[in-house]
Amino acid sequence: SELLIWCSPEGRALALKILGSDPYVPHDYQLEGIVQTLDRKNLVVITPTGSGKSGYFCMPMRILLAISRDPSIVAPYQYNIPDRPKAIFIFPTNALEEQMAACLTKYGVRAMAINGNTLHVARQAGHDLWALVRSDDFPAICLSPEQLTSKDFERLLNDKIYVARVCIWGTDEIHLLHSWGHTFRKSFQEIGNVCCRLGTYPPLIGLSATLPKGERMKSVLSFLNLSTKLKNYYLIHRSNLRHDIQFMFRELRHGLQSYSFPQLYWILKSGRKTIIFCRTISLSFRIFVYLWNDLPSTHNHRTFLRMYNSLNPVSYNSETLALFREVSGCGIILSTFCLIVGIDIPDVEDVVRVSDDIADVEDSNEDDVQMAGRAGRDPSQVSHPRFIHYFSKSAVARARKAVADSGNGKKNVDPSMSLGTAQLLLASCIPKALDAYFDNPSSDTPCTCPFHIAHPTPARPSICRCS
1 SELLIWCSPE GRALALKILG SDPYVPHDYQ LEGIVQTLDR KNLVVITPTG SGKSGYFCMP
61 MRILLAISRD PSIVAPYQYN IPDRPKAIFI FPTNALEEQM AACLTKYGVR AMAINGNTLH
121 VARQAGHDLW ALVRSDDFPA ICLSPEQLTS KDFERLLNDK IYVARVCIWG TDEIHLLHSW
181 GHTFRKSFQE IGNVCCRLGT YPPLIGLSAT LPKGERMKSV LSFLNLSTKL KNYYLIHRSN
241 LRHDIQFMFR ELRHGLQSYS FPQLYWILKS GRKTIIFCRT ISLSFRIFVY LWNDLPSTHN
301 HRTFLRMYNS LNPVSYNSET LALFREVSGC GIILSTFCLI VGIDIPDVED VVRVSDDIAD
361 VEDSNEDDVQ MAGRAGRDPS QVSHPRFIHY FSKSAVARAR KAVADSGNGK KNVDPSMSLG
421 TAQLLLASCI PKALDAYFDN PSSDTPCTCP FHIAHPTPAR PSICRCS
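Residue numbers (full-length UniProt numbering): 1 to 467.
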């Protein structure tokens with residue numbers, strides 16, 4: 001029989017037929033990547049937050065599992081896959097990892113999340129998660145970066161029977177390989193070792209909404225053993241800007257070391273569901289105290305205003321997210337950057353970022369787009385999502401110096417203020433500066449799937465609404 005080429009018209013049609021409309025017909029740009037993965041090509045995807053990147057993990061596995069159950073569905077073509085295929089997916093945070101495991105399971109690919117928390121709970125219940133992922137019950141495994149250096153994961157990669165069944169593997173938020181991998185989450189860089197252990201097969205899927213051009217992209221691709229020169233990956237790059245979100249930058253008129261933040265008082269009066277991001281737990285706590293003291297007595301203090309960070313018990317953080325999903329539950333979350341990726345709550349209206357004085361703006365452009373992407377996930381519930389970034393006077397001064405030094409041919413010696421970040425802080429048009437930084441295409445090919453025909457992607461406004 002003739003080998004099935006998935007990127008051919010016949011292959012695309014077959015992929016659509018197998019996937020059907022549950023939970024939805026794939027977007028055109030999803031199908032473009034799905035068929036490349038099935039043709040065993042490495043895939044790098046840069047698309048906006050909320051655009052369905054999880055489908056690049058879930059949908060190829062659904063097709064592989066369907067073929068495993070009934071090989072005749074590819075007739076009259078031939079397409080060889082291992083019996084009972086497996087997938088390995090790596091996520092930068094436990095919250096995102098567990099959310100994606102639930103998402104994969106919901107849409108037909110039963111997945112096991114393995115991290116310190118889930119292992120602890122399983123041990124208490126007398127279960128061995130590493131044994132379970134070897135079984136036929138769990139086609140996919142979702143891992144936190146710390147597990148990549150564990151003895152159990154090493155034993156899994158040494159299991160020739162298991163590895164022979166791995167058909168795809170992937171990692172989400174690959175831009176963090178550069179920023180987090182170089183700083184506090186060095187275990188994230190162990191993904192490079194996984195590349196070496198798995199070799200050129202199975203194909204890799206790397207996802208991000210905020211992978212910038214230039215040296216950072218080269219650095220990330222190098223970690224993944226990918227190279228533009230070698231042409232050993234397929235790139236899908238759509239603009240990462242969501243034009244439904246209004247961007248606003250504000251300079252703080254007060255210091256950040258006190259417990260008084262009058263510029264943030266409006267959040268209590270707005271009545272809008274809000275996430276406030278701070279780099280440190282210390283700053284987050286001080287803002288929390290200020291808002292707590294001024295919160296009207298008509299609100300339940302213990303449920304309406306919550307903190308989310310790594311010092312909280314896992315049960316408390318889980319309760320916070322559960323309350324935040326309720327219509328009349330939590331209205332404001334103060335979070336560290338652990339919620340910067342992956343949180344998918346449909347009715348968040350405002351995202352506020354309060355930057356500290358020194359180290360908070362090094363990766364500002366990437367973080368701003370990721371944070372902004374938490375707002376307005378469901379347009380039917382949020383008509384005017386906003387992102388407001390407050391930064392210190394010293395950040396503005398450092399930005400002006402970085403831009404001036406660049407214009408004079410001097411090297412920027414401030415490690416916490418890149419030229420791209422400086423240009424964004426001083427930009428007259430924020431979306432235009434972000435487009436330049438991320439090398440966004442001027443326009444994307446319109447998607448013709450049923451969802452986007454009914455809900456067209458918001459167009460770039462003729463008059464910019466940023467301020």
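Cβ coordinates follow ideal geometry from the N, Cα and C atoms, glycine included.
Task: Cβ separation of G373 and R242, assumed to be a contact under 8 Å, to the nearest whole Å - done: Position 373 of the sequence shown holds residue 373. Position 242 of the sequence shown holds residue 242. Correct: roughly 7 Å between the Cβ atoms.
Task: Among H455, Q147 and M59, the one whose alpha carbon lies nearest that of L119 - done: As a working mapping, residue 119 is identified with position 119 in the sequence shown. By alpha-carbon distance to L119, the top candidate from H455, Q147 and M59 is Q147.
Open item on the list: Under 8 Å: do the region 231–246 and the region 310–320 share three or more Cβ pairs, one atom per stretch?
Closed with: Too few Cβ pairs lie closer than 8 Å, so no.
Task: Burial state of E326, where buried means 16 or more other Cβ atoms lie within 10 Å - done: The sequence position of residue 326 within the sequence shown is 326, counting from 1. Result: exposed.
Open item on the list: Within the continuous beta strand (DSSP E) that includes D350, where are the two ends?
Closed with: Position 350 of the sequence shown, counted from the first residue, corresponds to residue 350. D350 to V354 is the span of the beta strand (DSSP E), which, as asked, contains D350.
Task: Assigned exposure category for V121 - 16 Cβ within 10 Å defines buried - done: Counted from its first residue, the sequence shown places residue 121 at position 121. Using a 10 angstroms sphere on the CB of V121, the tally of other CB atoms stays under 16, which defines it as exposed.
TODO: List the residues that DSSP assigns as beta-bridge partners of Y162.
DONE: Within the sequence shown, numbered from 1, the residue matching residue 162 stands at position 162. None, per the DSSP bridge assignment.
TODO: Can you check DSSP and say which residues form a bridge with W6?
DONE: Taking the sequence shown and counting its residues from 1, the one referred to as residue 6 is at position 6. The bridge partners DSSP lists for W6 come to none.
Open item on the list: With DSSP as the reference, identify every bridge partner of W266, one or two as the case may be.
Closed with: On the sequence shown, residue 266 is found 266 positions in, with the first residue counted as 1. Per DSSP, none; premise fails for W266.
- [ ] Just mark S194 as buried or exposed, buried being the case when its beta carbon has 16 or more other beta carbons within 10 Å.
- [x] Here residue 194 refers to the residue found at position 194 of the sequence shown. Rather than Ser, the amino acid found at residue 194 in this sequence is Val. Note on V194: 16 or more other CB atoms within 10 angstroms of its CB, so buried under the neighbour-count rule.
- [ ] Using three-state DSSP, classify L250 as helix, strand or coil.
- [x] Residue 250 sits at position 250 when you count from the first residue of the sequence shown. The sequence given here has Arg at residue 250, not Leu. Here R250 sits in strand by DSSP.
Open item on the list: To the nearest angstrom, how far is the alpha carbon of I275 from that of V351?
Closed with: The count along the sequence shown starts at 1 and reaches residue 275 at position 275. The count along the sequence shown starts at 1 and reaches residue 351 at position 351. About 5 Å.
Open item on the list: Restricting to Cα atoms, I'd like to know which of I81, I46 and L38 is closest to N440.
Closed with: In the sequence shown, the residue the question calls residue 440 occupies position 440. Checked all of I81, I46 and L38; the closest Cα to N440 is I46.
Task: Pick from Q124, K269, G126 and T93 that is closest to A113, judged by C-alpha positions - done: Counting from 1 along the sequence shown, the entry for residue 113 is found at position 113. That would be T93, whose Cα lies nearest to the Cα of A113.
TODO: Look up K151 in the DSSP assignment and say whether it is helix, strand or coil.
DONE: As a first step, residue 151 must be located in the sequence shown, where it is residue number 151. Helix, per DSSP.
- [ ] Decide if the region 429–448 is in contact with the region 9–17; the criterion is three or more beta carbon pairs, one per stretch, under 8 Å apart.
- [x] The answer is no - the region 9–17 does not touch the region 429–448, with fewer than three Cβ pairs under 8 Å.
Open item on the list: Using CA atoms only, rank isn't needed, just tell me which of P385, P23, A66 and P48 is closest to L38.
Closed with: On the sequence shown, position 38 is the one that residue 38 refers to. That would be A66, whose Cα lies nearest to the Cα of L38.
Open item on the list: In whole angstroms, give me the CA-to-CA distance for I453 and S21.
Closed with: Here residue 453 corresponds to residue number 453 of the sequence shown, with the count starting at 1. Here residue 21 corresponds to residue number 21 of the sequence shown, with the count starting at 1. In this model, I453 and S21 are separated by some 15 Å (Cα to Cα).
Task: Start and end residues, alpha helix (DSSP H) containing H175 - done: Taking the first residue of the sequence shown as position 1, residue 175 is located at position 175. That residue, H175, is in no alpha helix (DSSP H); it is neither H nor E in DSSP.
- [ ] Just list the beta strand (DSSP E) runs in the region 65–143, keeping only unbroken ones of 3 residues or longer that don't cross its boundaries, in chain order.
- [x] Taken in chain order, the complete beta strand (DSSP E) segments of 3 residues or longer contained in the region 65–143 are 86–90, 111–114 and 140–143.
Task: DSSP beta-bridge partners of W169 - done: Walking along the sequence shown from the start, residue 169 turns up at place 169. According to DSSP, which records beta bridges pairwise, W169 is partnered with I88 and L204.
Task: Element boundaries [beta strand (DSSP E), containing S335] - done: Working through the sequence shown from its first residue, we reach residue 335 at position 335. Residues I332 to S335.
Open item on the list: Does the region 192–210 come into contact with the region 379–388, if we say contact requires no fewer than three beta-carbon pairs (one atom in each stretch) closer than 8 Å?
Closed with: No, they do not touch.
- [ ] Count the other C-beta atoms from every protein chain shown that fall within 10 angstroms of the C-beta of T421, then say buried if there are 16 or more, exposed otherwise.
- [x] Here the question's residue 421 lines up with position 421 in the sequence shown. Taking every protein chain shown into account, the CB of T421 has 16 or more other CB atoms within 10 angstroms, so this residue is buried.
Task: Proximity to L177 [Cα-Cα], best of A140, S208 and D378 - done: On the sequence shown, position 177 is the one that residue 177 refers to. In terms of CA proximity to L177, S208 leads the group A140, S208 and D378.
Task: Selection from K106, Q124, S1 and H27 that minimises the alpha carbon distance to A75 - done: Mapped onto the sequence shown, residue 75 falls at position 75. Of the listed residues, the one whose Cα sits closest to A75 is S1.
Task: Start and end residues, beta strand (DSSP E) containing H27 - done: Position 27 of the sequence shown, counted from the start, is the residue given in the question as residue 27. From DSSP, H27 is part of no beta strand (DSSP E); its letter is neither H nor E.
Task: Neighbourhood of Y290 by C-beta, 8 Å cutoff - its chain only, sequence neighbours within 5 removed - done: Residue 290 sits at position 290 when you count from the first residue of the sequence shown. Taken in chain order, the residues that qualify are Y259, S260, F261 and L264.
Task: Span separating the alpha-carbon of Y29 from that of K160 - done: Locating residue 29 in the sequence shown gives position 29, counting from the first residue. Locating residue 160 in the sequence shown gives position 160, counting from the first residue. For Y29 and K160, the distance between alpha carbons rounds to 34 Å.
- [ ] Could you tell me whether the region 215–233 touches the region 84–91, using the rule of 3 or more Cβ pairs below 8 Å?
- [x] The region 215–233 is not in contact with the region 84–91.
Open item on the list: For the alpha helix (DSSP H) containing Y316, name the first residue and the last one.
Closed with: By one-based count along the sequence shown, residue 316 stands at place 316. Per DSSP, the unbroken alpha helix (DSSP H) holding Y316 starts and ends at V314 to R325.
Task: Ordered list of beta strand (DSSP E) runs contained in the region 31–71, each at least 3 residues - done: Counting only runs of at least 3 residues, the region 31–71 fully encloses the following beta strand (DSSP E) elements, listed from N- to C-terminal order: 43–46.
Task: Backbone secondary structure at R279 - three-state DSSP - done: The residue labelled residue 279 in the question sits at position 279 within the sequence shown. In this structure, R279 counts as coil in the three-state DSSP scheme.
Task: Among F391, D83 and Q423, the one whose alpha carbon lies nearest that of K401 - done: The residue labelled residue 401 in the question sits at position 401 within the sequence shown. Per the Cα distances, Q423.
Open item on the list: Assuming F391 is part of the beta strand (DSSP E), what are its boundary residues?
Closed with: Here residue 391 corresponds to residue number 391 of the sequence shown, with the count starting at 1. Element bounds for F391: R386 to F391.
Open item on the list: By DSSP's criteria, M307 is part of a beta bridge. Which residues make up the other side?
Closed with: For the purposes of this step, residue 307 is identified with residue 307 of the sequence shown, where counting begins at 1. Bridge partners of M307: L334.
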